[in-house]
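S.K.:
There are 2 protein chains.
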Amino acid sequence: MANQNVTTLDTVFQALADPTRRAVISRLGRGPAPVKELASPHDMALPSFLKHLDMLERSGLVTSEKKGRVRVCTLHPEAFQIAETWIDKQRRVWEQRFDRLDALVAQTEKDEIDET
Amino acid sequence: MANQNVTTLDTVFQALADPTRRAVISRLGRGPAPVKELASPHDMALPSFLKHLDMLERSGLVTSEKKGRVRVCTLHPEAFQIAETWIDKQRRVWEQRFDRLDALVAQTEKDEIDET
DNA sequence: ATTTTGGTTAGCCATGTGGCTAAGTATCAG
DNA sequence: CTGATACTTAGCCACATGGCTAACCAAAAT
Numbered sequence: 001m002a003n004q005n006v007t008t009l010d011t012v013f014q015a016l017a018d019p020t021r022r023a024v025i026s027r028l029g030r031g032p033a034p035v036k037e038l039a040s041p042h043d044m045a046l047p048s049f050l051k052h053l054d055m056l057e058r059s060g061l062v063t064s065e066k067k068g069r070v071r072v073c074t075l076h077p078e079a080f081q082i083a084e085t086w087i088d089k090q091r092r093v094w095e096q097r098f099d100r101l102d103a104l105v106a107q108t109e110k111d112e113i114d115e116t
Numbered sequence: 001m002a003n004q005n006v007t008t009l010d011t012v013f014q015a016l017a018d019p020t021r022r023a024v025i026s027r028l029g030r031g032p033a034p035v036k037e038l039a040s041p042h043d044m045a046l047p048s049f050l051k052h053l054d055m056l057e058r059s060g061l062v063t064s065e066k067k068g069r070v071r072v073c074t075l076h077p078e079a080f081q082i083a084e085t086w087i088d089k090q091r092r093v094w095e096q097r098f099d100r101l102d103a104l105v106a107q108t109e110k111d112e113i114d115e116t
């Protein structure tokens, strides 16, 4: 199950769209950990869990390195950037729109007052 | 294809994990639009496109209302909140950890100086 | 040298996703 | 009233996802 690190909006958002994977991210936020430890809170067989880890690696949010028989996983917070940037960009678009709506309402009210 | 609005981390992140759906969100950020207009830039059959819209509605990011034979879709930016909040929370965790690491490094350097 | 431990690989299954066509319904325009 | 428009419904297909078991391998522990 070897995979590339392709940090795209698709892979990052998809990685985040599952509670097991988000739990892993939360845990790794406090520091690197071996697969066994990461898997232990989740009630599923190891191979199933590994698929989740794999998706996290594909997204670039997590990398892992083998030390002896243990695989140690590490979080890469930079990979979140692409997602946050996209959301921020969207917010700027609609906030700008709301500002224009506000301005329009204000203008309309002003006009109505002028008419009285 | 009637569905509930269940705004969860799962549904929101999944809604965002596809370029077609993100494009729809971008477009709706500039204001409501009918299905036809939303679909036009995307090279796929209407029923395929409707599945994407459906997912957006399931996540609560979009709602729609039928006016005559036209279905008008509207963006609900509030639904992003849950995603942004989660990411922010994660960042706080790992930033705190980096702060501790920095402090540790600073302390170690101080100790080394004290030793000289 | 054996046995445990920590993964890994292969393969199976059910369900979901992302696409399609074909045929239907309801409104609006002429 | 007729036809075009804007979806809507049903159903099909291929591949991805999320889960499993069984069998394997290599490092660590005894």
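In order, the protein sequence lines correspond to chains A and B. The letter at position 1 of the first sequence is residue 1 when you use the numbering used here, and the numbering goes up by one with no holes. The letter at position 79 of the second sequence is residue 79 when you use the numbering used here, and the numbering goes up by one with no holes. Every residue, glycine too, gets a C-beta built ideally from N, C-alpha and C.
Taking the DSSP output, what are the residues bridged to T63 of chain B?
M.R.: Taking the first residue of the second sequence as position 1, residue 63 of chain B is located at position 63. Beta-bridge pairing links T63 of chain B to B:T74.
S.K.: Is there a C-beta anywhere in chain B that falls below 8 Å from the one on V72 of chain A?
M.R.: Indexing the first sequence from 1 puts residue 72 of chain A at position 72. For V72 of chain A, the answer is no, since every Cβ of chain B falls outside 8 Å of its Cβ.
S.K.: In angstroms, rounded to a whole number, what distance separates the CA positions of P77 of chain A and L61 of chain A?
M.R.: By 1-based counting over the first sequence, the position of residue 77 of chain A is 77. By 1-based counting over the first sequence, the position of residue 61 of chain A is 61. Using only the alpha carbons, I get a separation of about 6 Å.
S.K.: Flag this pair as yes or no: are the beta carbons of V93 of chain A and L56 of chain A separated by less than 8 Å?
M.R.: To locate residue 93 of chain A, count along the first sequence from 1; it is residue 93. To locate residue 56 of chain A, count along the first sequence from 1; it is residue 56. No, the pair does not count as a contact, with Cβ atoms beyond the cut-off.
S.K.: Just to confirm my understanding: we take L28 of chain A, look at its own chain, exclude 5 residues before and 5 after, and list those with CB closer than 8 Å. What are they?
M.R.: What you label residue 28 of chain A is simply residue 28 of the first sequence in a count that begins at 1. For L28 of chain A, where only same-chain residues beyond five positions count, the Cβ hits under 8 Å are L38, V62, C73, T74, L75.
S.K.: Between the C-alpha atoms of V132 of chain B and P47 of chain A, what's the straight-line distance to the nearest angstrom?
M.R.: The requested residue 132 of chain B does not occur in the structure, where chain B is confined to residues 1 to 116.
S.K.: Around the Cβ of Q90 of chain B, are there at least 16 other Cβ atoms within 10 angstroms (buried) or fewer (exposed)?
M.R.: Taking the first residue of the second sequence as 1, we reach residue 90 of chain B at position 90. Q90 of chain B should be labelled buried.
S.K.: From what residue to what residue does the alpha helix (DSSP H) around M55 of chain A run?
M.R.: On the first sequence, position 55 is the one that residue 55 of chain A refers to. Per DSSP, M55 of chain A belongs to the alpha helix (DSSP H) from 46-58.
S.K.: For the alpha helix (DSSP H) containing G29 of chain B, name the first residue and the last one.
M.R.: For the purposes of this step, residue 29 of chain B is taken as residue 29 along the second sequence, with counting starting at 1. Bounds of the alpha helix (DSSP H) holding G29 of chain B are 19-29.
S.K.: Can you name the residues of chain A whose CB is closer than 7 Å to the CB of E84 of chain B?
M.R.: In the second sequence, the residue the question calls residue 84 of chain B occupies position 84. The answer, in chain order, is I87.
S.K.: Span of the alpha helix (DSSP H) holding A79 of chain A?
M.R.: Position 79 of the first sequence, counted from the start, is the residue given in the question as residue 79 of chain A. Note, A79 of chain A: premise wrong, no alpha helix (DSSP H); not H, not E.
S.K.: Any C-beta of chain A sitting closer than 8 Å to the C-beta of L75 of chain B?
M.R.: By 1-based counting over the second sequence, the position of residue 75 of chain B is 75. Output row for L75 of chain B: interface = yes.
S.K.: Alpha carbons only, please: which of A:V70, A:S64, A:P32, A:H52 is nearest the one belonging to T20 of chain A?
M.R.: The residue labelled residue 20 of chain A in the question sits at position 20 within the first sequence. Per the Cα distances, A:H52.
S.K.: Count the other CB atoms within 10 Å of the CB of L101 of chain B; is the residue buried (16 or more) or exposed (fewer)?
M.R.: Against the second sequence, residue 101 of chain B aligns to sequence position 101. It counts as exposed.
S.K.: Straight-line CA distance for V35 of chain B to R58 of chain B?
M.R.: For the purposes of this step, residue 35 of chain B is identified with residue 35 of the second sequence, where counting begins at 1. For the purposes of this step, residue 58 of chain B is identified with residue 58 of the second sequence, where counting begins at 1. Cα to Cα, the separation comes out at about 16 Å.
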